[in-house]
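Step one of this worksheet: look at the structure below.
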Ligand SMILES: [Zn+2]
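Printed below as a string of structure tokens:
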């Protein structure tokens with residue numbers, strides 16, 4: 010992809026290399042990689058006369074951002090054909106939106122929506138089958154909660170899935186029921202799989218459109234590499250085809266899902282594959298649910314409900330799957346938020362053999378580790394992929410749902426770094442709407458939620474640490490740090506040009522910094 014690209018010289022810039030030396034004025038790019046970093050006048054003189062020279066007028070260059078944990082095709086689904094409910098403020102408004110979509114739905118189509126959060130709805134409850142039947146009595150409706158771990162569906166969808174008063178939930182799932190034992194339409198965790206099995210799947214062309222829309226969106230945010238955490242085989246096939254066609258505009262770490270919801274057994278591991286744009290060498294498992302939906306597995310009851318969340322696997326099954334993946338050479342990324350899930354995953358990782366240096370496995374989210382968990386994670390070399398942006402967008406849920414003893418431990422990124430755990434920051438988009446890395450950095454530094462309340466402020470990190478978390482941290486988490494994450498000769502020229510220097514900004518001003526240019530492999534792929 011880069012052989013026809015002319016050399017590029019970026020000069021008159023404030024280059025934040027995140028390496029030694031930490032600052033420079035110019036970058037020379039050759040064949041998609043960084044050839045030199047240093048003094049502007051020297052590099053201009055030394056550069057090839059045919060090089061494209063770009064005067065950055067004093068603007069700042071940082072390594073391209075990495076979103077270590079996102080759901081790329083789902084971001085694209087919302088950008089293309091899905092009903093976006095992330096700004097919905099009432100159940101009534103959701104009913105109106107669903108009705109509009111249902112009226113337009115073609116033959117055989119379902120209405121799919123995503124992003125409702127009952128904490129943000131006037132009625133303070135999730136939409137139910139009864140609400141959704143008002144909007145759409147015949148067309149099946151499936152609305153995914155903001156966390157991705159709960160569905161709200163109408164009667165038509167329940168009927169297609171064969172879910173009635175007598176249906177047992179699969180292990181690791183809950184079919185919510187009313188006083189008479191009838192399903193309310195709310196399906197938790199693996200019970201979502203009962204619906205997934207009967208939903209008409211998107212076509213390969215649909216997936217390709219979703220991926221293109223999402224990666225284009227990420228490039229506008231300066232994101233030059235990201236992860237699609239947990240995809241099924243048909244989506245992986247689309248990524249492989251896009252990569253073979255040279256059609257991936259940025260670098261993607263695609264993680265196959267080890268055990269899809271609703272599946273009775275694990276999916277077979279696909280072929281491991283690494284090219285310049287596509288990595289398929291990390292397998293994803295989910296040990297529990299989410300905090301905001303109160304399905305993360307905790308050692309104490311939630312504040313608002315007399316239960317402790319759910320573990321999705323019994324230990325023996327997850328251990329066997331992890332061992333199989335580990336022995337086959339895969340990196341493992343396991344979603345674990347609650348302290349009980351974190352304990353399960355760390356104890357399984359501790360039992361995986363292998364001589365040092367061991368392949369570093371990942372814990373996604375790592376929401377409520379204890380000090381003991383942090384020490385064990387550091388000793389194992391585990392890489393944590395937490396979402397500071399949750400503090401801002403889900404903080405009101407955390408305050409409502411978590412016991413006082415847990416709140417100071419929520420997403421303790423300061424403590425992770427201090428314990429020696431390597432941290433890759435990320436958005437988990439579309440779980441949260443705002444996947445701007447600069448907004449994630451601001452949340453990591455301020456710890457302020459959308460109501461202005463502080464969530465565990467002693468867990469704040471510095472802007473420099475947050476920038477590392479969104480760049481080199483993500484490169485380490487993907488095993489790609491030889492090629493990217495810092496601005497050094499030999500690495501890919503994956504860069505973001507910013508209107509201002511984040512390292513000199515007030516934390517609250519970070520989200521307003523503009524991404525003026527995004528460069529992948531030396532090609533300018535986005536310009537404001
Ligand atoms: Zn996720």
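Residue numbers (the working numbering): 10 to 537.
No residue lacks a Cβ here, since even glycine has one placed at the ideal position from N, Cα and C.
- By the neighbour-count criterion, in which a residue is buried when 16 or more other Cβ atoms sit within 10 angstroms of its Cβ, residue 189 is exposed.
- It is roughly 26 Å from the alpha-carbon of residue 131 to the alpha-carbon of residue 86.
- Looking at the backbone, the Cα of residue 256 and that of residue 359 are separated by about 39 Å.
- Leaving aside the five residues that flank residue 443 on each side, the residues in its chain whose CB is nearer than 7 Å to its CB run, in chain order, 398 and 402.
- At a threshold of 7 Å, residue 80 counts as near ligand 1, since its beta carbon sits closer than that to one of the ligand's heavy atoms.
- Residue 353 places its beta carbon 8 Å or farther from that of residue 422.
- Only residues of its own chain outside the window of five on either side were considered, and among them 136, 140, 141, 143 and 144 have a CB closer than 8 Å to the CB of residue 104, listed in chain order.
- Note on geometry: alpha-carbon atoms of residue 431 and residue 503 lie some 22 Å from one another.
- A distance criterion of 7 Å places the beta-carbon of residue 437 in contact range of ligand 1, judged by its closest non-hydrogen atom.
- Taken atom to atom, the span from the alpha-carbon of residue 220 to that of residue 81 is near 6 Å.
- In the DSSP assignment, residue 134 falls outside any beta strand (DSSP E), carrying neither H nor E.
- The bridge partners DSSP lists for residue 237 are 79 and 263.
- Annotation: the continuous beta strand (DSSP E) that includes residue 341 extends over 340–345.
- Here residue 277 is exposed: its Cβ has fewer than 16 other Cβ atoms, across all protein chains shown, within 10 Å.
- In this structure, residue 505 sits away from residue 494, with a CB-CB distance that is not shorter than 8 Å.
- Beta-bridge partners of residue 32 (DSSP): 25.
- Excluding sequence positions up to five before and after residue 55, its CB lies within less than 8 Å of the CB of 37 and 45, all in the same chain and listed in chain order.
- Residue pairing by DSSP places residue 182 opposite 198 in a beta bridge.
- For the pair residue 455 and residue 72, the Cα-to-Cα distance works out to about 23 Å.
- Nearest Cα to residue 400 within the set 462, 326, 116 and 51: 462.
- Beta-bridge analysis with DSSP links residue 20 to 64.
- With fewer than 16 neighbouring CB atoms inside 10 Å of its own CB, residue 174 falls in the exposed class.
- Looking at 200, 414, 83 and 516, the one whose alpha-carbon comes closest to that of residue 244 is 83.
- Look at residue 284 here: in three-state DSSP terms it is coil, with no helix or strand label.
- Less than 8 Å separates the beta-carbon of residue 172 from that of residue 184.
- Here DSSP, grouped into helix, strand and coil, assigns residue 328 to helix.
- Note on geometry: alpha-carbon atoms of residue 127 and residue 487 lie some 34 Å from one another.
- For the options 336, 247 and 356, the alpha carbon positioned closest to that of residue 325 is the one of 356.
- Taking the Cβ atoms as the reference, residue 428 lies roughly 13 Å from residue 392, outside the contact range of under 8 Å.
- Here the alpha carbons of residue 98 and residue 201 stand approximately 24 Å from one another.
- Under the three-state reduction of DSSP output, residue 192 falls in the strand class.
- If you ignore the 5 residues before and after residue 169, its C-beta comes within less than 6 Å of the C-beta of 149 and 207, all in its own chain and listed in chain order.
- Under the 8 Å Cβ criterion, the region 333–351 counts as touching the region 290–298, having at least three qualifying pairs.
- Of the candidates 123, 134, 92 and 101, 92 places its Cα closest to the Cα of residue 114.
- With distances taken between CA atoms, residue 417 lies nearest to 376 out of 376, 26 and 438.
- DSSP lists 320 as the beta-bridge partner residues of residue 297.
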